[in-house]
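Residue numbers (the UniProt record's numbering), protein chains in the order written: chain P, 1 to 268; chain F, 1 to 293.
The C-beta atom is built at its ideal place from N, Cα and C for all residues, glycine as well.
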Amino acid sequence: MSLLRHIEPLLALVLAVIWISPLVFAFWAAFHTSTDAVNFNLLAPWTLENFRTAWEGAPWLRYFLNSFLLVSSVLIGQFILCTLAGFAFAQVEFRGKDIVFVLVLLQLFILPEVLIVENYRIAVQLGLIDSILGIGAPYMASAFGIFLMRQAFKSVPRELDEMARVEGCSLLGVLWRVYVPAARPTYLAYALVSVSTHWNNFLWPLVVTNSDTTRPLTVGLSIFAAPENGVDISVISAATVMVIAPLLILFLIFQRQFVQAFLRAGIK
Amino acid sequence: MALLRRRRAIHGWLLLTPALVMLTTFAFYPSVATIWTSLWSRGTRRNPSEFVGTGNYQRIFDDPTFWTVAWNNILYAAVTIPVSIGLALVMALWANARIPARSFVRTAYFTPTMLPMIAAANLWLFFFTPGFGVLDQIGALFGAPSVNWLGQPETALWAVCIVTIWKEAGFFMIFYLAALQTIPPDLEEAADIEGASRWTYTRRVVLPLLMPTTLFILVNAMINSVKLIDHLFILTKGGPNDASKLMLYYIWENAFAFFDAPAAAAMTVLVLAVLGALAAFQFFVIDRRTHYR
Numbered sequence: 001m002s003l004l005r006h007i008e009p010l011l012a013l014v015l016a017v018i019w020i021s022p023l024v025f026a027f028w029a030a031f032h033t034s035t036d037a038v039n040f041n042l043l044a045p046w047t048l049e050n051f052r053t054a055w056e057g058a059p060w061l062r063y064f065l066n067s068f069l070l071v072s073s074v075l076i077g078q079f080i081l082c083t084l085a086g087f088a089f090a091q092v093e094f095r096g097k098d099i100v101f102v103l104v105l106l107q108l109f110i111l112p113e114v115l116i117v118e119n120y121r122i123a124v125q126l127g128l129i130d131s132i133l134g135i136g137a138p139y140m141a142s143a144f145g146i147f148l149m150r151q152a153f154k155s156v157p158r159e160l161d162e163m164a165r166v167e168g169c170s171l172l173g174v175l176w177r178v179y180v181p182a183a184r185p186t187y188l189a190y191a192l193v194s195v196s197t198h199w200n201n202f203l204w205p206l207v208v209t210n211s212d213t214t215r216p217l218t219v220g221l222s223i224f225a226a227p228e229n230g231v232d233i234s235v236i237s238a239a240t241v242m243v244i245a246p247l248l249i250l251f252l253i254f255q256r257q258f259v260q261a262f263l264r265a266g267i268k
Numbered sequence: 001m002a003l004l005r006r007r008r009a010i011h012g013w014l015l016l017t018p019a020l021v022m023l024t025t026f027a028f029y030p031s032v033a034t035i036w037t038s039l040w041s042r043g044t045r046r047n048p049s050e051f052v053g054t055g056n057y058q059r060i061f062d063d064p065t066f067w068t069v070a071w072n073n074i075l076y077a078a079v080t081i082p083v084s085i086g087l088a089l090v091m092a093l094w095a096n097a098r099i100p101a102r103s104f105v106r107t108a109y110f111t112p113t114m115l116p117m118i119a120a121a122n123l124w125l126f127f128f129t130p131g132f133g134v135l136d137q138i139g140a141l142f143g144a145p146s147v148n149w150l151g152q153p154e155t156a157l158w159a160v161c162i163v164t165i166w167k168e169a170g171f172f173m174i175f176y177l178a179a180l181q182t183i184p185p186d187l188e189e190a191a192d193i194e195g196a197s198r199w200t201y202t203r204r205v206v207l208p209l210l211m212p213t214t215l216f217i218l219v220n221a222m223i224n225s226v227k228l229i230d231h232l233f234i235l236t237k238g239g240p241n242d243a244s245k246l247m248l249y250y251i252w253e254n255a256f257a258f259f260d261a262p263a264a265a266a267m268t269v270l271v272l273a274v275l276g277a278l279a280a281f282q283f284f285v286i287d288r289r290t291h292y293r
């Protein structure tokens with residue numbers, strides 16, 4: 001038993017090294033020529049050549065911009081829609097509320113990814129094909145977000161609400177002055193989860209975009225790294241490192257907040 | 001009073017309207033429309049589409065690829081769900097224990113969660129490539145022959161599973177970690193005083209307390225076994241010989257590569273039925289037990 005006690009920390013460390021190794025290898029390969037990379041020539045000179053080749057191989061700046069516009073528009077849409085709906089579910093009493101709430105929760109299971117066939121048809125009808133808005137629209141009214149905001153608003157003390165009303169605030173005024181500021185940590189958590197989800201999303205953006213002017217990073221990377229294009233492994237690694245770098249750096253800096261965000265989002 | 005109630009109802013519905021419009025457009029209406037589409041034949045320029053009832057379902061049930069894909073997806077779920085949950089639990093127990101380099105360990109476990117599936121697939125490509133891939137080179141040290149992990153039917157699905165597990169385990173770990181931190185430390189002290197071994201304490205005290213978390217993770221893992229297919233686009237494209245093809249990928253292929261929307265719709269309906277059963281399980285079994293209102 002005490003032997004196990006000594007071995008366990010070692011095992012934990014070994015697993016951690018295994019877990020991080022794909023990332024470390026890719027990082028290392030990105031800075032070396034592909035022959036040095038595949039031969040694990042540890043003393044090989046470092047080079048930025050792969051990044052230059054990768055950078056010139058696709059309109060990355062455009063992809064970065066598209067991904068940035070995508071996550072921002074999704075986030076703004078989600079904040080507005082989920083705030084209003086979450087507030088209605090949390091603090092306004094009216095008949096039929098519970099049934100609608102269950103309907104909304106159903107969307108947690110009817111994933112937008114699964115509905116690609118019909119959603120594509122709808123995007124065509126609404127003229128949303130090959131537009132950033134088209135990528136983001138199906139995710140804006142998120143059941144998950146509505147649920148999250150409802151829980152956050154429910155925990156706001158009623159006295160604050162009544163005080164504001166006595167002072168003559170309208171319903172939207174109360175929402176804006178009392179509830180939204182009180183739910184600030186939840187907004188932060190939701191923002192982190194939403195941004196990382198949509199920065200990483202792939203299938204629906206693949207379906208709905210068909211030009212470089214709208215493609216987000218993930219779709220751009222998949223085209224760039226497709227095996228039939230025959231790009232070498234070091235260049236693919238460089239492109240991959242480039243794509244994941246912004247979110248990864250952000251994550252390493254704000255690690256605590258990210259982890260808290262996922263927790264808050266999952267548990268409440 | 002009645003006036004006030006009416007005003008409240010109007011306010012409530014007004015607040016809900018934007019979200020309900022979007023949900024109807026991109027979730028409820030398409031779900032119903034999928035069922036409708038699945039009942040009509042595929043229209044061509046010469047033959048306009050006509051009502052065929054369950055014809056499309058008959059067609060996919062007669063398609064051997066459909067059964068291969070369904071079986072693959074069941075295997076994929078049966079492997080990735082228990083393994084990633086089990087690993088997540090072990091990771092959480094370790095990341096919660098007093099071990100050296102704990103913050104490194106936690107970060108290492110969690111980092112894959114932050115990567116896009118496409119990027120994860122690229123990273124693993126480097127491991128799986130025959131000849132000079134990392135796995136082959138490690139194998140070569142022990143005299144093992146070169147294996148084309150992604151190129152042969154026996155191993156392709158396993159390679160796909162490994163990437164999914166790598167991506168998921170650290171995410172689930174976080175939820176276990178949170179649950180572990182809510183267990184009061186006096187429980188462990190009490191177990192110590194009683195002379196219970198750490199294994200007994202873990203099995204009899206910790207695991208039962210983690211049950212609600214496990215159920216929550218289980219539902220998420222089940223949804224993911226339908227949803228996580230992005231890496232197929234990089235690693236195998238479902239091949240070789242459909243050996244690693246999963247349902248959502250096959251739906252995508254039918255709709256956007258074979259232009260057979262009715263078949264894709266029929267398969268989508270089946271997937272929705274499975275997800276619906278999962279939702280019922282969540283609402284009627286799990287929520288009954290864990291009250292989090």
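Short-range partners of chain F found in the segment 121-147 of chain P, where Cβ spacing is below 7 Å = Ile122, Ala137, Pro138, Met140, Ala141 and Ile146
key: Pick from Ala264/F, Leu180/F and Val69/F that is closest to Thr213/F, judged by C-alpha positions   = Leu180/F
message = So that I know if they touch, is there some Cβ in chain P lying closer than 9 Å to that of Gln152/F?
response = no
ask   = Would Ile217/F pass as a contact of Phe175/F if the rule is Cβ separation under 9 Å?
value = yes
key: Complete runs of the alpha helix (DSSP H) confined to the segment 74-160 of chain F [at least 4 residues]   = 102-110, 117-128 and 134-141
key: Per-residue burial, Ile110/P [other beta carbons within 10 Å of its own, 16 or more giving buried]   = buried
Same chain, Cβ closer than 8 Å to Ala273/F, neighbours up to 5 away in sequence not counted = none
query = Hey, Thr240/P and Ala30/P: beta-carbon distance below 9 Å or not?
reply = yes
ask   = Do you know offhand how far Leu11/P's Cα is from Ser21/P's?
value = 15 Å
message = If the criterion is Cβ atoms closer than 9 Å, does the pair residue 294/F and Asn96/F meet it?
response = Within the shown structure, residues of chain F are numbered from 1 to 293, placing residue 294/F beyond reach of any answer.
Among Pro153/F, Leu135/F and Glu154/F, nearest to Pro145/F - alpha-carbon criterion = Leu135/F
inquiry  = When you compare the CB positions of Leu115/F and Leu203/P, do they come within less than 9 Å of one another, or not?
reply    = no
ask   = Leaving out five residues before and five after Arg293/F in sequence, what residues of the same chain have Cβ atoms less than 8 Å from its Cβ?
value = At Arg293/F, the pLDDT of 38 sits below 50, so the modelled position is not reliable and the matter cannot be decided from this model.
inquiry  = With a threshold of 8 Å, are at least 3 pairs of Cβ atoms found where one atom belongs to the segment 76-86 of chain P and the other to the segment 124-140 of chain P?
reply    = yes
query = In whole angstroms, what separates the C-alpha of Met222/F from that of Ala280/F?
reply = 13 Å
request  = Quick one: list the residues of chain P neighbouring Val134/F, beta-carbon separation under 7 Å, in chain order.
outcome  = Phe25
query = Within the 9 Å Cβ cut-off, does Ser84/F reach chain P?
reply = no
request  = Report the rounded CA-to-CA distance for Leu207/F versus Leu93/F, giving the unit in angstroms.
outcome  = 11 Å
query = Are there 16 or more other CB atoms within 10 angstroms of the CB of His291/F, so buried, or fewer, so exposed?
reply = Low confidence applies here, because His291/F scores a pLDDT of 46, under 50, leaving its location unreliable; read the following figure in that light. By the neighbour-count rule (16 or more Cβ atoms within 10 Å), His291/F is not buried but exposed.
inquiry  = On the criterion of 16 or more Cβ atoms from any shown chain inside 10 Å, does Tyr63/P qualify as buried, or is it exposed?
reply    = buried
key: Cα-Cα separation between Leu70/P and Phe40/P, rounded to whole angstroms   = 38 Å
query = When you compare only the Cα positions, how much space is there between Leu171/P and His198/P?
reply = 32 Å
message = What does the alpha-carbon distance come out to for the pair Ser72/P and Leu106/P?
response = 26 Å
key: Best match in Phe87/P, Gln255/P and Phe262/P for proximity to Phe104/F [C-alpha to C-alpha]   = Gln255/P
request  = Pick helix, strand or coil for Trp46/P, following the three-state DSSP scheme.
outcome  = coil
key: Any C-beta of chain F under 9 Å from that of residue 275/P   = Given that chain P is displayed from residue 1 to residue 268, the structure contains no residue 275/P and the question cannot be resolved.
task = Spell out the partners DSSP gives Phe51/F in its beta bridges.
result = Trp40/F
message = Contact criterion: CB-CB distance below 9 Å. Does Tyr29/F meet it with respect to chain P?
response = yes
query = If you check the beta carbons only, do Phe262/P and Val193/P fall under 9 Å apart?
reply = yes
ask   = Where do the ends of the alpha helix (DSSP H) carrying Arg203/F lie?
value = It is not in any alpha helix (DSSP H) - Arg203/F carries neither H nor E in the DSSP assignment.
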